[in-house]
Each structure stands twice: as C-alpha cells, then as structure tokens.
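*Asks:*
In our numbering, the protein residues as written are 18 to 194.
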C-alpha cells in the first residue's frame, strides 16, 4: 500500500539515517524515491539489470537535463538553429519549433539568451527522474517512444510529489510489450 506524505517522509528519514551505517537495497516504482534516497539506481526488466549507476551518471548517459522548445519567426528559423548549435550539439527542428537539450547548467543561460532574440514565448523543462527512467528502458529494449514520452512528461505537475506512477501504467504496459 502507498504511504501518505507524512509516513513517506518518516520512512525516508529513517532510511537516510540507516544508510550511514549499512547498505540498503530498496525496490521501488517511484522515480522520486529513487532520486531522493538512492546513491545508486538500477533499472530491472524481466529479472535483468538493464541500467545501473549514480543518478548524475545515468542522466549523462540517457537524458538531457534541460529541454527548451520555442517557435522562432519563420524567417529566422535557420539563423536561430545555427546560433544554438554553437552552444549545444543537441539542436533539432520539429515542424516550426526548435528544440535544444543540454546537460550543463551553464548552457541554459546562454541558450535562453539566444532564444530571447528570436522569440518571445518559449517552454523550458527540467527533466525529472521518470523520463530518465523511461529513456533508459527505451534504449535498453530498443524501441522508440519519444513522442509518447513527450506526452507523458508534458502531463507532469510542477510538484514532483504529486506524481503518481500508476497514472502512466497503460503507457508503461505498451512500452514493455
């Protein structure tokens, strides 16, 4: 059964105290829990470890930390993409949108500075651990669900503690099939 917020906070506090003295192995479907408590995270599929490492290393391997989407003026689309390519190698065009991804905290300010010259409204997303977990699964299994993944990540609330893994169980079932 799922713990309420108070019970979860108490359990996490106890686990954080215990891990100073010994190694603890936890099985969870909660990306938030894995991100908050775990020093190392392993993703297991059908009794096989498909990814293992520290969360920062897994982020570098499987995901971009920042994703910015914006729609530049049509006449400046190529110019904007060219300027952004000087900062990040992960610049792509989706229809009339430009999507830029980066791992580096320093890059985000440079990307936003360039973006503001080409467009007024834009979207910036900092990835949570759930999309990282999905990307690890996709790359390990070899299927392509990035469009579905974008739909799932755009449904998240800003407060990660409101995230419920079971909400996306239908999508997760499709991915595993």
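C-beta atoms are modelled at their ideal positions from N, C-alpha and C, and glycine is treated no differently.
#1: Per DSSP, residue 55 is paired with what?
#2: Of the choices 36, 72 and 37, whose alpha-carbon is the least far from that of residue 51?
#3: Can you give me the Cβ contacts of residue 93 inside the same chain, cut-off strictly under 7 Å, excluding the 5 residues immediately before and after it?
#4: Please classify residue 21 as buried or exposed, where buried requires at least 16 other C-beta atoms within 10 Å of its C-beta.
#5: Could you pull the start and end residues of the beta strand (DSSP E) that residue 114 belongs to?
#6: Under the three-state reduction of DSSP, which class applies to residue 128: helix, strand or coil?
#7: Give me whichever residues DSSP pairs with residue 68 in a beta bridge.
#8: Hey, quick one: how far does the alpha helix (DSSP H) through residue 103 stretch, first residue to last?
#9: Classify residue 93 as helix, strand or coil using the three-state DSSP reduction.
#10: Just to confirm my understanding: we take residue 127, look at its own chain, exclude 5 residues before and 5 after, and list those with CB closer than 8 Å. What are they?
#11: In the DSSP output, what is residue 111 paired with across the bridge?
#12: Is it the case that the Cβ atoms of residue 117 and residue 101 are separated by a distance below 9 Å?
#13: Helix or strand or just coil, what does DSSP make of residue 25?
#14: Cα separation between residue 112 and residue 34?
*Replies:* Quick answer:
#1: Here residue 55 refers to the residue found at position 38 when the chain shown is read from its first residue. The partner list for residue 55 (beta bridge, DSSP) is empty, contrary to what the question assumes.
#2: For the purposes of this step, residue 51 is taken as residue 34 along the chain shown, with counting starting at 1. Answer by Cα proximity: 72.
#3: On the chain shown, position 76 is the one that residue 93 refers to. The beta carbon of residue 93 lies closer than 7 Å to those of 135 in the same chain, with the five residues before and after it left out.
#4: Position 4 of the chain shown, counted from the start, is the residue given in the question as residue 21. By the neighbour-count rule (16 or more Cβ atoms within 10 Å), residue 21 is not buried but exposed.
#5: Indexing the chain shown from 1 puts residue 114 at position 97. In this chain, the beta strand (DSSP E) harbouring residue 114 covers 114-119.
#6: Taking the chain shown and counting its residues from 1, the one referred to as residue 128 is at position 111. Helix.
#7: Within the chain shown, residue 68 is the residue found at index 51, counting from 1. When DSSP reads this structure, residue 68 sits in a beta bridge with 60.
#8: Looking up residue 103 in the chain shown gives position 86. No alpha helix (DSSP H) contains residue 103, which DSSP labels as neither H nor E.
#9: If you number the chain shown from 1, residue 93 lands on position 76. Residue 93: helix per DSSP, three-state reduction.
#10: Taking the first residue of the chain shown as position 1, residue 127 is located at position 110. Around residue 127: 104.
#11: Indexing the chain shown from 1 puts residue 111 at position 94. According to DSSP, residue 111 bridges with 114.
#12: Stepping through the chain shown from its first residue, residue 117 is reached at position 100. Stepping through the chain shown from its first residue, residue 101 is reached at position 84. It is a contact, given that the beta carbons lie within the stated cut-off.
#13: As a working note, residue 25 is residue 8 in the chain shown. Helix at residue 25.
#14: As a first step, residue 112 is located in the chain shown; it is residue number 95 there, counting from the start. As a first step, residue 34 is located in the chain shown; it is residue number 17 there, counting from the start. Here the C-alpha atom of residue 112 lies approximately 50 Å from the C-alpha atom of residue 34.
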